[in-house]
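Chains A and B are the protein sequences, given in the same order.
Residue 491 is where the first sequence ends in my numbering, and the numbering goes up by one at each step.
Residue 1491 is where the second sequence ends in my numbering, and the numbering goes up by one at each step.
Protein chains: 2
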Amino acid sequence: MAKEITSRNENYSQWYNDIVIKAGLADYSAVRGCMIIKPYGYAVWEKIQAQLDRMFKETGHQNAYFPLFIPKSFFSREASHVEGFAKECAVVTHYRLKNDASGMGIVVDEDAKLEEELIVRPTSETIIWNTYKSWIQSYRDLPILINQWANVVRWEMRTRLFLRTTEFLWQEGHTAHATRQEAVEEAERMINVYAQFAREWMAMPVIMGRKSEAERFAGAVDTYSIEALMQDGKALQAGTSHFLGQNFAKAFDVKFLNSEGALDYVWATSWGVSTRLIGALIMAHSDDNGLVLPPKLAPTQVVFVPIYKSREELDRISSVVSQLRNELHAVGVTTHYDDRDNYKPGFKFAEYEMKGFPIRIAIGPKDLENGTVEVARRDTLQKQIVSSNSLGKFIIGLLDDIQNNLFSKALEFQRQNTTVVNSYDEFKSVIAGKGGFVLAHWDGTPETEAIIKDETKATIRCIPFDSKPEEGKCIVTGKPSMQRALFAQAY
Amino acid sequence: MAKEITSRNENYSQWYNDIVIKAGLADYSAVRGCMIIKPYGYAVWEKIQAQLDRMFKETGHQNAYFPLFIPKSFFSREASHVEGFAKECAVVTHYRLKNDASGMGIVVDEDAKLEEELIVRPTSETIIWNTYKSWIQSYRDLPILINQWANVVRWEMRTRLFLRTTEFLWQEGHTAHATRQEAVEEAERMINVYAQFAREWMAMPVIMGRKSEAERFAGAVDTYSIEALMQDGKALQAGTSHFLGQNFAKAFDVKFLNSEGALDYVWATSWGVSTRLIGALIMAHSDDNGLVLPPKLAPTQVVFVPIYKSREELDRISSVVSQLRNELHAVGVTTHYDDRDNYKPGFKFAEYEMKGFPIRIAIGPKDLENGTVEVARRDTLQKQIVSSNSLGKFIIGLLDDIQNNLFSKALEFQRQNTTVVNSYDEFKSVIAGKGGFVLAHWDGTPETEAIIKDETKATIRCIPFDSKPEEGKCIVTGKPSMQRALFAQAY
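Encoded structure:
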């Protein structure tokens, strides 16, 4: 089975697609650019959702749901937002079909044309701020800390499973605050939540920072992002959090009476991550044998495979497995027992490697005699014979090891592929060669950023929060710079 | 606060809307027929989702996600399905907007017209069966037991919050089977899951049965439903499960090699419940003081309200409440402590009555002296003084009582409002008078059903599974009937 996927060296992009399809994560659909998230891929999304939802609630947020459709005119209200979002989108123009005059099929009923077209939401700032207008009168109504889990549509020209699809699933937080400072703190808090989730749950190191003006969200005063490095040396933006200032409050006329009795516009943030995270997760850890999942997000952490010749052997193994599974469930480990009789163990081994189950446990007749099991870990592919006494404790420790090892490996990769450069020649040579993150001085202008992008396809991923002020000269213009920006070619 | 809502007697329909708005469950939106589910309403939906999802998984189902858009031509494939679903729907015809020539706003870009229009899914049988075609080759690929949590759009002319909205949230199960019997069993299993959920979690008695041909799902061979009786004597269909036969397999050419090596069409079911359940929940139990929620679905089960005059009193109360809340959390009870200083206890009491918190606990200085609390239950509005020792055990018992009491009350109401009639005059007088469920003999023809509907607005809700065979004569035509059907005016 493992032979069926393209290796990373041969064709990285094909390797990625092979894993998505062969691990059963997603499938292409009959609708251009839209994907089908298959049960195994959706189970990963459910794990992601559950943990993020917990973190959002722990930071005081509540979920709600706003309409899928947004009146076209709403987009025109915020000048930069319309440029960024209202262009490539799905437009609903009619609300009825009718039988074709020929009787062969159905056609759009021209009598059922909408007075104002509806846009399938590409993001919900406009409809939400139009609603907040009626919810907010005084500072007592603030803050509003709402999140929504939803589908959104952006009519992308080039799509890739999970990474860029016309329809995708995401969460979008939309908060309203009485002061600028509170809103800035909220935007910072949520990018930190995303970074913590990426590191601790996805085992994926990320660089947190501020976007340049050119890369900012349409309508934001400031955009923060987390940026991850993939195995092909390209960066992937994994989550963003926006300080929106009073832009949407002004566009939708949302004022409140502050504690001093004066009218002021409300301050806003929005923040989101999407099913794109699954693409990041795949590319961060997987290998030429298939998917590798961190234990904390694996739908099933341990699979048991029986090795047997007779029905009687299988029965004895099954009885031991049943006890071991109970023991694991009691300590919170999820398991699966694959006793399918029409597949050989080797086939099953390859299948669970492809699907990235963190631990595989094989049990044969000799193991029964010796009171042992054979434990194989997916990340290193190492096997060891382990006593089946107190297996729970051993597995808990091993899952921790795997989670930590995946993070360390990815962090080491990121370190090795982050280069500090001091000239444009060096910059170009790194970007064209080993790739990865490049830290370089930049004069802070969109013009210089555009030149670099044109000439190297590298963009500013962010200006890292944790980079120290450092005087230097822009690699392109030689003008003074106070800090290095993080560049990379990106997904 | 309670004074603000219309009483049921005065105007039942207005009472319902008042509760939805004033309990903070939902709000109207800027988009015709689409609602905003507010945090408190969405929290109820999350409780509903969590339990149903558990029940679906316990019965072997997995979640997945299919595209929002369906190519128009897919609807024409199944003859009766197109009649039922492809008419009143949202049609996407374009994928781009552009700046107006005048520079004032944005318009649809006529150059970006889709070759084939896309329909925003009103239900997903067509796109899912088009996909199953590539997933199913042999009996080894069966059964497929998939559920999807999603939004759907049906362009309804008359909408009501939760009960009938243009966009709504739901789950739709879509299963594929090797035999007719297996599919029938699945459809029956899922209507039973819905009935169990309605009774045990919503505390709402339902009648389970088979739909008449006229009321069947478009494309189904058989539709099963659960029907609940609302306080105004009207019925509400709360969930449906469909045995689809081989209709969709034939429409999308989904064949499989069965265990005998012969090609056959795959057998199908689909089943769904929606945010309409929240409408049912509101109408099943609420009263003229506001919402009443069964403890198992209440986002918060117990609210603590301090009664105090001084800051010092409040501090002492808060410290006791903190201990009591910990005790309740330890036994799985959800709580809230409302120590807002700018609202009086009476205002808070009315607010939590409006929002249907099952239990309210008030604590004042005297309670501190006596080691007691005042416990008020929302269903009966009764209050009692209770020792704060081992409060956890008491509250657990009381929540059970409330859950059971709500179900018994609703069941008693249903019994009192179910009438067996033997003549059409009697039928008409009951429907026009007390309303409710009416059990009557019917000759089994759509023609007679249509006459009854025209003349009385009553429809056949279902032919109950548990009704005994009983010879009789159709109340309209006098033709022989073997079983009574359940009639009612319905939402």
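Note that CB positions come from ideal geometry on N, CA and C, so glycine has one too.
Among A:F487, A:F75 and A:R461, which one has its Cα closest to the Cα of A:S225? Looking only at A:F487, A:F75 and A:R461, the smallest Cα-Cα distance to A:S225 is reached by A:R461.
In three-state terms, what does DSSP make of B:V1273? When DSSP states are grouped into helix, strand and coil, B:V1273 belongs to the strand group.
Whole-angstrom distance between A:R140 and A:H177, CA atom to CA atom: Going from the Cα of A:H177 to the Cα of A:R140 covers about 10 angstroms.
Within a Cβ cutoff of 8 angstroms, which residues of the same chain sit near A:A2, ignoring the five residues on either side of it in sequence? The pLDDT assigned to A:A2 is 46, lower than 50, so where the model puts this residue is not dependable; a value taken from the coordinates is nonetheless given after this. Counting only Cβ-Cβ distances below 8 angstroms, and skipping sequence neighbours, we find D288, N289, G290, A350, E353 and M354.
DSSP state of A:N147 mapped onto helix, strand, coil: Correct three-state label for A:N147: strand.
Between A:L244, A:A280 and A:E215, which lies nearest to A:M202 when the distance is taken from Cα to Cα? Checking every option, the nearest Cα to that of A:M202 belongs to A:A280.
With H, G and I counted as helix, E and B as strand and the rest as coil, what does DSSP make of A:I19? Correct three-state label for A:I19: helix.
To the nearest angstrom, how far is the alpha carbon of B:S943 from that of A:A330? Missing from the structure shown is residue 943 of chain B; chain B here goes from 1001 to 1491 and no further.
Using a Cβ cut-off of 8 angstroms, pull out every chain B residue sitting near A:K62, in sequence order please. For clarity, residue 62 of chain A is Gln in the given sequence; the question names Lys instead. Near A:Q62 (Cβ distances below 8 angstroms), the residues of chain B are P1039, Y1042 and A1043.
Name the chain B residues whose beta carbon is nearer than 9 angstroms to that of A:V108? Correct list: K1072, V1091, T1093 and E1117.
Determine whether the Cβ of B:V1120 lies closer than 9 angstroms to any Cβ atom of chain A. True, the Cβ-Cβ gap to chain A drops below 9 angstroms.
Name the DSSP beta bridge partners of A:L11, please? What sits at residue 11 of chain A in the sequence shown is Asn, not Leu. Residue pairing by DSSP leaves A:N11 without any beta bridge partner.
Can you tell me whether B:F1074 is helix, strand or coil according to DSSP? Here B:F1074 sits in helix by DSSP.
7 angstroms Cβ cut-off: residues of chain A touching B:A1075: For the record, residue 1075 of chain B in the displayed sequence is Phe; it is not Ala. Contact of B:F1075 with chain A by beta-carbon distance below 7 angstroms involves I106.
Residue from A:Q416, A:E110, A:E455 and A:F66 whose Cα sits closest to the Cα of A:L439: The residue with the shortest Cα to Cα distance from A:L439 is A:Q416.
In the DSSP assignment, what residue or residues form a beta bridge with A:M35? Looking at the DSSP output, A:M35 shares a beta bridge with A:Y28.
Identify the contact partners of B:F1487 in chain A, using a Cβ-Cβ distance below 9 angstroms as the criterion. At a beta-carbon threshold of 9 angstroms, none of the residues of chain A lie near B:F1487; the nearest stands roughly 31 angstroms away.
In chain order, what are the residue ranges of uninterrupted beta strand (DSSP E) at least 3 long that sit wholly in the segment 1132-1180 of chain B? The segment 1132-1180 of chain B contains these whole beta strand (DSSP E) runs: 1144-1153 and 1167-1177.
Assigned secondary structure, B:G1130 (DSSP; H/G/I helix, E/B strand, else coil): Looking at the sequence itself, residue 1130 of chain B is Asn, so the reference to Gly does not match. The three-state reading of DSSP puts B:N1130 in helix, counting H, G and I together.
Counting only beta-carbon separations shorter than 9 angstroms, does A:M1 have a partner in chain B? Annotation note: pLDDT 45 at A:M1 (below 50); position unreliable, no value reported.
On the three-state DSSP scale, how would you describe B:F1437? Three-state DSSP puts B:F1437 in a strand.
Runs of alpha helix (DSSP H) wholly within the segment 392-435 of chain A (minimum 4 residues, chain order): Counting whole runs of 4 or more residues, the segment 392-435 of chain A contains the alpha helix (DSSP H) stretches 424-432.
Check whether chain A comes within 9 angstroms of B:D1027, counting only Cβ atoms and requiring the distance to be less than that. By this cut-off, B:D1027 is an interface position.
Identify the residues that DSSP records as bridge partners of B:C1462: which are they? Checking the DSSP bridge columns, you'll see B:C1462 partnered with B:L1486.
Using the C-alpha atoms, what's the distance from A:E125 back to A:A268? Roughly 10 angstroms separates the two Cα atoms.
Answer yes or no: do B:C1034 and B:T1166 have a C-beta to C-beta separation smaller than 9 angstroms? B:T1166 is positioned such that its CB atom lies closer than 9 angstroms to that of B:C1034.
Is the CB-CB distance between B:Q1171 and B:S1274 below 9 angstroms? Pairing B:Q1171 with B:S1274 gives a Cβ-Cβ distance under 9 angstroms.
Inspect the CB distances between the segment 227-235 of chain A and the segment 130-140 of chain A and report whether three or more fall short of 8 angstroms. No contact exists between the segment 227-235 of chain A and the segment 130-140 of chain A.
Quick test of your reading: B:I1128 and B:H1174, contact by CB under 8 angstroms. State the CB separation rounded to the nearest angstrom. Yes, B:I1128 and B:H1174 are in contact; Cβ-Cβ is about 5 angstroms, under 8 angstroms.
Following the continuous beta strand (DSSP E) through B:L1229, name the residue where it begins and the one where it ends. Per DSSP, B:L1229 belongs to the beta strand (DSSP E) from D1222 to L1229.
C-alpha distance - A:I37 paired with A:N422, whole-angstrom precision: Per the coordinates, the alpha-carbon of A:I37 lies some 44 angstroms from the alpha-carbon of A:N422.
Return yes when at least one heavy atom of the ligand GTP lies under 8 angstroms from the C-beta of B:D1401, else no. The ligand GTP is absent from the structure shown, which contains no ligand whatsoever.
How would you call B:S1029, buried or exposed, if buried means at least 16 neighbouring beta carbons within 10 angstroms? Result: buried.
Tell me whether the beta-carbon of B:D1027 lies closer than 9 angstroms to the beta-carbon of B:E1004. No.
Could you check whether B:V1092 and B:F1069 sit closer than 9 angstroms to each other, using their CB atoms as the reference points? Yes, the pair counts as a contact, with Cβ atoms nearer than the cut-off.
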